[in-house]
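Comments concern the structure below.
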Amino acid sequence: MASFSHDAPITPLRQRMQEDMVMRGLGSHTQQDYIRHVRRFATFLGRTPDTATVEDIRRFQLYQHENGLGPATINSTVSALRFLFTVTLKRRAMARALVITRNPRKLREPDCSR
């Protein structure tokens with residue numbers, strides 16, 4: 000099993016999520032990223048993520064936007080939380096509440112004159 004070097008004790012939920020990621024062959028960097036994103040969500044909530052509501056997800060995503068997180072970070076968080084809610088917690092309705100952020104395209108110089 001992949002090893003994670005964190006000071007926090009491993010909760011049963013985190014242990015299960017780590018096992019789910021290993022069973023699905025996720026790479027070690029992806030596993031670390033997913034754990035980090037879920038930990039940030041839990042910190043935002045002030046409680047374990049398995050108690051989250053759809054409104055909690057909405058507030059968290061709004062918080063991310065208001066604090067200037069970029070689309071790549073927000074979308075990586077969405078992937079981690081979708082995994083948590085779909086695979087580990089079997090709460091598909093929660094995963095459907097997550098919103099992917101569009102990455103604004105920059106027009107090339109010739110396209111700007113149109």
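Each residue of the sequence shown is one higher than the one before, counting from 0 in numbering that gives the first Met the number 0. Beta carbons are placed, not taken as given, at the ideal position from N, Cα and C, and that holds for glycine. What you are looking at is a predicted structure, and each value in this text was computed from that prediction instead of being measured.
Between P70, G26, A94 and A71, which lies nearest to L80 when the distance is taken from Cα to Cα? In the sequence shown, counting from the first residue as 1, residue 80 sits at position 81. Checked all of P70, G26, A94 and A71; the closest Cα to L80 is A94.
Run the CB neighbour count on S2, radius 10 Å, all protein chains shown included, and call it buried at 16 or more, exposed below. As a working note, residue 2 is residue 3 in the sequence shown. With a pLDDT of only 49 at S2, under 50, the local geometry of the prediction cannot be trusted, and the value read off the model is given with reservation. The residue is exposed, with fewer than 16 neighbouring Cβ atoms inside 10 Å.
Just to confirm before moving on: does the CB-CB distance between N66 and T100 stay below 8 Å? The residue labelled residue 66 in the question sits at position 67 within the sequence shown. The residue labelled residue 100 in the question sits at position 101 within the sequence shown. For N66 and T100, no; Cβs fall outside 8 Å.
Stretch pair the segment 22-31 + the segment 52-62: three plus CB contacts closer than 8 Å: no
What is the DSSP secondary structure of N74, counted as helix, strand or coil? Start at 1 with the first residue of the sequence shown, and residue 74 comes out as number 75. Reduced to three states, the DSSP call for N74 is helix.
Alpha carbon of R90 to alpha carbon of N102, nearest angstrom: Position 91 of the sequence shown, counted from the first residue, corresponds to residue 90. Position 103 of the sequence shown, counted from the first residue, corresponds to residue 102. Each residue's alpha carbon lies about 27 Å from the other.
Taking C-beta to C-beta, are T42 and L12 nearer than 8 Å? Reading the sequence shown from its first residue, position 43 is the one you call residue 42. Reading the sequence shown from its first residue, position 13 is the one you call residue 12. In this structure, L12 does not lie closer than 8 Å to T42 by Cβ.
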